[in-house]
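S.K.:
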Amino acid sequence: MKTKRRRRRGGPSRLQATGIPSRVERALELPVGSLCDLARIELSGNRRAVIEGCRGIVEYGEETIRLNTGNGIVRFMGRCLSMSCMTEDSAVIEGIILSVEYLS
């Protein structure tokens, strides 16, 4: 005799509930969040930042650079800031970085 399965409404799908992206990240020893749509920021001291997951420039100046990411805005403040490289989904900021802020 077959039993009926009830489908839950409004909750996460079965794939999301099991955390498949996080399992794959652990299995492949990838950084946390690398398979999700999250911004990844890599700082080299206070002189260089590589931002992956960048969707555009909100503000650009020598003292402030704000970038749009999937989850919000990231603001870099400092002196002599410049973007040495920008691609479709990443950016490189160079200069003297004094602070990094996440804005929603």
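If you use numbering that gives the first Met the number 0, the sequence shown corresponds to residues 0 to 103, in order. A virtual CB, placed ideally from N, CA and C, is assigned to each residue, including glycine.
#1: Name the DSSP beta bridge partners of ALA90, please?
#2: Can you list, in chain order, the stretches of the beta strand (DSSP E) that have 3 or more residues and sit fully within the segment 58-85?
#3: Does DSSP classify LEU37 as helix, strand or coil?
#4: Rounded to whole angstroms, what's the CA-CA distance from GLU41 to ILE92? Just pull it up for me.
#5: Once you ignore the five residues that flank ARG74 on each side, which residues in its own chain have a CB closer than 7 Å to its CB?
#6: Tell me, which residues are paired with LEU102 by DSSP?
#7: With 16 as the cutoff for other CB atoms within 10 Å, does GLY60 come out buried or exposed?
M.R.: In brief:
#1: ILE50 and MET85
#2: 63-68 and 71-85
#3: coil
#4: 10 Å
#5: THR63, ARG65, GLU100 and LEU102
#6: ILE72
#7: exposed
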